[in-house]
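Asker: Quick one: this structure, given as structure tokens, is what I'll be asking you about.
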Amino acid sequence: MVKIERSYPAPGSLAEGALKHSGRYDRQDVIERLKKDFHDKCYICEMKDLQDPNVEHLLPHKNGKYPERKYDWNNLFWSCGRCNGIKENGRYDEGILDCCKYDPEKILSFELNGDKVYVAVLDTNNDLQKRTAMLVEEAFSLKNTGMRSNTGDVRLKMLQQEMNVLYKQLEKMRACPDLKVVIRTVRSMLRRESAFAAFKRCYVRRHAAEYPQLQQYVALDA
Numbered sequence: 291m292v293k294i295e296r297s298y299p300a301p302g303s304l305a306e307g308a309l310k311h312s313g314r315y316d317r318q319d320v321i322e323r324l325k326k327d328f329h330d331k332c333y334i335c336e337m338k339d340l341q342d343p344n345v346e347h348l349l350p351h352k353n354g355k356y357p358e359r360k361y362d363w364n365n366l367f368w369s370c371g372r373c374n375g376i377k378e379n380g381r382y383d384e385g386i387l388d389c390c391k392y393d394p395e396k397i398l399s400f401e402l403n404g405d406k407v408y409v410a411v412l413d414t415n416n417d418l419q420k421r422t423a424m425l426v427e428e429a430f431s432l433k434n435t436g437m438r439s440n441t442g443d444v445r446l447k448m449l450q451q452e453m454n455v456l457y458k459q460l461e462k463m464r465a466c467p468d469l470k471v472v473i474r475t476v477r478s479m480l481r482r483e484s485a486f487a488a489f490k491r492c493y494v495r496r497h498a499a500e501y502p503q504l505q506q507y508v509a510l511d512a
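Residue numbering for the sequence shown follows this note's numbering, beginning at 291 and increasing consecutively.
As structure tokens, this is what we get:
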């Protein structure tokens, strides 16, 4: 999960939908804006180029119980079907971190260790942070059904592949520190727009002594 810059003003169809009894919050203008703003990545697991994109509500509207949330542009997020389905669990009803308002990398630490994903929180007494960390971990680990076992394995494998590419590029950079093509490749992989960016950026920050020349590209205010 990385910081997202949401564009304004809100898509026009949302105001129109709010005036109707059975309005839509997923019209084409909403889809196009969310896809662009979120770099076609699920904001939770960070898988890119989604084949099953969902317009997800950060705070649930509960089928009309909270109508003000249904068409609120600030409450609409771009997610994959798996993460949206996991987040429907009632334990997330009180919300998770809004990555359009706060920088998750300043609050959470993301790590891949073998076949396990770990998300640490800055404040262990903060329920919002803890729910967010749990959700991201479940995005890769929850396997309570056959389909979720499969989709979880797919995301974990893609994350492992992306991290392995980063590791290989970092090895090349250590061997040839001035090789510009390698530096450009690493810089591109560390952009927030890239797949699983939080994991890659956190890894480079944790290894600051080994890669001092890359810290400018993963600075929390960058």
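Glycine residues also receive a C-beta, built at the ideal position from the N, C-alpha and C atoms.
#1: Have a look at C466 and Q459 and give me their C-alpha separation to the nearest angstrom.
#2: Is the CB-CB distance between M479 and P394 below 8 Å?
#3: Let me know if L425 comes out buried or exposed under the rule of 16 or more other beta-carbons within 10 Å of its beta-carbon.
#4: When we look at the beta-carbon of M337 and count the other beta-carbons within 10 Å, is it buried (16 or more) or exposed?
#5: With a floor of 3 residues, list each beta strand (DSSP E) that falls wholly inside the segment 366-396, ordered by position along the chain.
#6: According to DSSP, is K433 helix, strand or coil?
#7: Give the straight-line distance between the Cα atoms of S312 and L469, rounded to the nearest whole angstrom.
#8: Between Q506 and the rest of its own chain, which residues show a CB-CB distance below 6 Å, the 5 nearest in sequence each way excluded?
#9: Let me make sure I understand the geometry here. Which of N403, A429 and R314 has the alpha-carbon closest to that of Y493?
#10: Indicate, with yes or no, if the ligand ATP has a heavy atom lying under 7 Å from the CB of L480.
#11: Would you call the segment 365-373 in contact with the segment 323-330, where contact means no fewer than 3 C-beta pairs closer than 8 Å?
#12: Who are the near neighbours of I294 in its chain, counting only those whose CB is closer than 7 Å to its CB and skipping five residues on each side?
#13: Once the 5 residues before and after L412 are set aside, which same chain residues still bring their CB inside 6 Å of it?
#14: For A300, which residues in the same chain have their Cβ closer than 7 Å to its Cβ, ignoring the five residues on either side in sequence?
#15: For Y408, is the classification buried or exposed, using 16 other Cβ atoms within 10 angstroms of its Cβ as the cut-off for buried?
#16: Considering only the alpha carbon of each residue, which of K355, I473, R445 and D511 lies closest to Q341?
#17: Can you tell me where the alpha helix (DSSP H) with S484 in it begins and where it stops?
#18: Rounded to whole angstroms, what's the CA-CA distance from G380 to D417? Just pull it up for me.
#19: Sort D443, D405 and K490 by Cα distance to R372 and report the nearest one.
#20: Return the first residue and the last residue of the alpha helix (DSSP H) that K325 is part of.
#21: Assuming F400 contacts A488 under a Cβ cut-off of 8 Å, what Cβ separation, rounded to an integer in Å, is found between them?
#22: Which value, in whole angstroms, describes the spacing of the CA atoms of G307 and D339?
Answerer: Answer, in terms of the structure:
#1: Position 176 of the sequence shown, counting from 1, holds the residue named residue 466. Position 169 of the sequence shown, counting from 1, holds the residue named residue 459. Approximately 10 Å, taken between the alpha carbons.
#2: Walking along the sequence shown from the start, residue 479 turns up at place 189. Walking along the sequence shown from the start, residue 394 turns up at place 104. No, the pair does not count as a contact, with Cβ atoms beyond the cut-off.
#3: Counted from its first residue, the sequence shown places residue 425 at position 135. Per the 10 Å Cβ criterion, buried.
#4: Along the sequence shown, read from residue 1 onward, the residue named residue 337 stands at position 47. By the neighbour-count rule (16 or more Cβ atoms within 10 Å), M337 is buried.
#5: 366-370
#6: What you label residue 433 is simply residue 143 of the sequence shown in a count that begins at 1. Of the three classes helix, strand and coil, the one that applies to K433 here is coil, per DSSP.
#7: The count along the sequence shown starts at 1 and reaches residue 312 at position 22. The count along the sequence shown starts at 1 and reaches residue 469 at position 179. Each residue's alpha carbon lies about 57 Å from the other.
#8: Taking the sequence shown and counting its residues from 1, one reaches residue 506 at position 216. Within the same chain, Q506 has no close Cβ partners at all.
#9: Numbered from 1 along the sequence shown, position 203 holds the residue referred to as residue 493. Looking at the Cα atoms, N403 is the closest of the given residues.
#10: Among the components modelled here there is no ligand, and therefore nothing to report on the ligand ATP.
#11: yes
#12: As a position in the sequence shown, residue 294 is number 4, starting the count at 1. So the list reads D327, F328, Y333, C389 and C390, once near-sequence residues are dropped.
#13: Along the sequence shown, one-based indexing puts residue 412 at 122. Contacts found: I397.
#14: In the sequence shown, the residue the question calls residue 300 occupies position 10. The residues are W363.
#15: One-based indexing of the sequence shown puts residue 408 at position 118. Counting Cβ neighbours within 10 Å, Y408 comes out exposed, since fewer than 16 surround it.
#16: If you number the sequence shown from 1, residue 341 lands on position 51. Considering only alpha carbons, the answer is R445.
#17: The count along the sequence shown starts at 1 and reaches residue 484 at position 194. Element bounds for S484: n/a, residue is neither H nor E.
#18: Locating residue 380 in the sequence shown gives position 90, where the first residue counts as 1. Locating residue 417 in the sequence shown gives position 127, where the first residue counts as 1. Their backbone Cα atoms lie some 14 Å apart in a straight line.
#19: Walking along the sequence shown from the start, residue 372 turns up at place 82. For R372, the nearest C-alpha among the options comes from D443.
#20: Locating residue 325 in the sequence shown gives position 35, counting from the first residue. Element bounds for K325: Q318 to D327.
#21: Taking the sequence shown and counting its residues from 1, the one referred to as residue 400 is at position 110. Taking the sequence shown and counting its residues from 1, the one referred to as residue 488 is at position 198. That belief holds up - the Cβ atoms of F400 and A488 are roughly 4 Å apart, short of 8 Å.
#22: As a working mapping, residue 307 is identified with position 17 in the sequence shown. As a working mapping, residue 339 is identified with position 49 in the sequence shown. Going from the Cα of G307 to the Cα of D339 covers about 27 Å.
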